[in-house]
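Numbering (this note's numbering), first residue to last: 186 to 319. For glycine and all other residues, C-beta sits at the position ideal for the given N, C-alpha and C. On a predicted model such as this, the values are computed, not experimentally measured, just so you know. Let me begin by presenting the structure, written as structure tokens, before commenting on it.
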């Protein structure tokens, strides 16, 4: 069974999500879902239901991506200093792609560690035995 979304916009809002609008939500959800799919070898897509741990993970990832992700920083850079005399602003740079990926991967590993699919295989298993390895 393939899941169109791991966390719907209504579920996101119901959990207190406010970083994204209905129009901004789908591409961010898609990006976060695809990263989880990569690290779990698409095991969640083959599950009957999306586990709560995955929903909580998605909520956290979407908040990070919506507020501080690379695209969010490029669209709305953070002001790191401001001067009123000569009017000058300094904007922070977007975090590097590798730093962003490390942060996202850390969240995924924290939330999904120990979680298993419908067959009892750990979601984060990437070893031998017919499963992809990194």
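In the three-state DSSP reduction, residue 236 falls in the coil class, being neither helix nor strand.
For residue 200, the closest C-alpha among the options 247, 290, 297 and 272 is that of 247. Burial is judged here by how many other beta carbons sit within 10 angstroms of a residue's own beta carbon; residue 218 has at least 16 and is buried. The criterion of a C-beta distance shorter than 8 angstroms is satisfied by residue 238 and residue 300. Taking the C-beta atoms as reference points, residue 228 is found nearer than 8 angstroms to residue 306. Per the coordinates, the alpha-carbon of residue 204 lies some 6 angstroms from the alpha-carbon of residue 251.
Around the beta carbon of residue 215, a 10 Å sphere encloses fewer than 16 other beta carbons of the protein chains shown; the residue is thus reported as exposed. Beta-bridge partners of residue 301 (DSSP): 307.
Within the model, the alpha-carbon separation for residue 298 versus residue 208 is close to 31 angstroms.
Ranked by Cα distance from residue 213, the options 240, 249 and 236 are led by 249.
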